[in-house]
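When we follow my numbering, the leftmost residue of the sequence shown carries the number 59, and every step to the right adds one.
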Amino acid sequence: MEALTKEEMLARLSEIKEKCLACQKCSLAETRHNIVFDDGVPNPKLMLIGEAPGFYEDQQGKPFVGKAGQLLDRIFASVGLTRKKDVYICNTLKCRPPNNRNPLPDEKAACWEYLSAQIEIIKPGIILLCGNVAVQSILGNAGGITKIRGNWFKAESAVVNVYGARMMPIFHPSYLLRNDTREKGGPKWLMWQDIQEIKREYDKL
Ligand code: SF4
């Protein structure tokens with residue numbers, strides 16, 4: 059099937075978002091303030107999947123806001139990428155788990171319909187799996203983020219259909235904020251290595 063145009067992608071994403079806005083499939087619907095569906099642009103080169111909305115995301119209805127979002131933007135900017143032009147951003151879950159607890163298996167299963175549709179519509183060449191929750195949802199038990207970050211995984215390694223995407227697990231910016239050292243070999247230093255590798259692959263697409 060031919061790739062969708064940007065307009066077609068936006069129209070289909072908007073249909074999925076409408077469904078999501080009315081979703082009551084799991085108990086998180088009772089406590090959410092907003093659905094956090096996506097941000098950025100539907101770029102078939104690059105998609106980032108995060109974990110679940112936090113406090114500020116739930117308030118604003120947008121993924122990766124606050125300090126973690128600003129840090130993510132700086133990471134992209136270091137290689138000339140911006141979320142306004144170059145990357146489609148979404149989360150594993152569209153509603154905030156209370157007190158930022160990890161998503162439960164039944165919540166991830168219930169919400170998979172929407173993430174799966176987002177991947178199917180964008181069909182990204184590269185998917186960044188941002189943090190352990192995203193890794194587990196897409197790669198199953200591939201390992202903890204500190205061990206597998208920075209490695210490329212082929213589509214065949216995924217436990218779900220990723221439509222041929224190559225995937226790289228990366229640290230979540232919230233983790234980088236808690237581990238703020240720029241020491242060589244530390245999490246931030248590693249993240250800066252990873253984003254350069256990602257940009258090299260991005261430029262090949
Ligand atoms: S987390 Fe997902 S499945 Fe659960 S209510 Fe929200 S949109 Fe629906």
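Ideal Cβ positions, reconstructed from N, Cα and C, are used throughout, including at glycine.
| task | Give me whichever residues DSSP pairs with residue 160 in a beta bridge. | result | In the DSSP assignment, residue 160 forms no beta bridge with any residue.
| DSSP on residue 149, reduced to helix/strand/coil? | strand
| field | Assigned secondary structure, residue 93 (DSSP; H/G/I helix, E/B strand, else coil) | value | coil
| request: List the DSSP bridge partners of residue 187. | output: 107 and 227
| For residue 109, is the beta carbon positioned less than 7 Å from some heavy atom of the ligand SF4? | no
| According to DSSP, is residue 112 helix, strand or coil? | coil
| task | Identify, in the order they occur along the chain, each residue of the same chain with its Cβ nearer than 6 Å to the Cβ of residue 225, setting aside the five sequence neighbours on each side. | result | 185, 187 and 211
| request: Measure the C-alpha to C-alpha separation of residue 169 and residue 108 and round it to an integer number of angstroms. | output: 13 Å
| message | Can you give me the C-alpha to C-alpha distance between residue 191 and residue 173, rounded to a whole angstrom? | response | 13 Å
| query | Would you report the Cα separation of residue 171 and residue 219, rounded to the nearest angstrom? | reply | 12 Å
| Got a sec? Which residues, its chain only, sit under 7 Å from residue 207 by beta carbon, not counting five neighbours each side? | 227, 228, 229, 248 and 252
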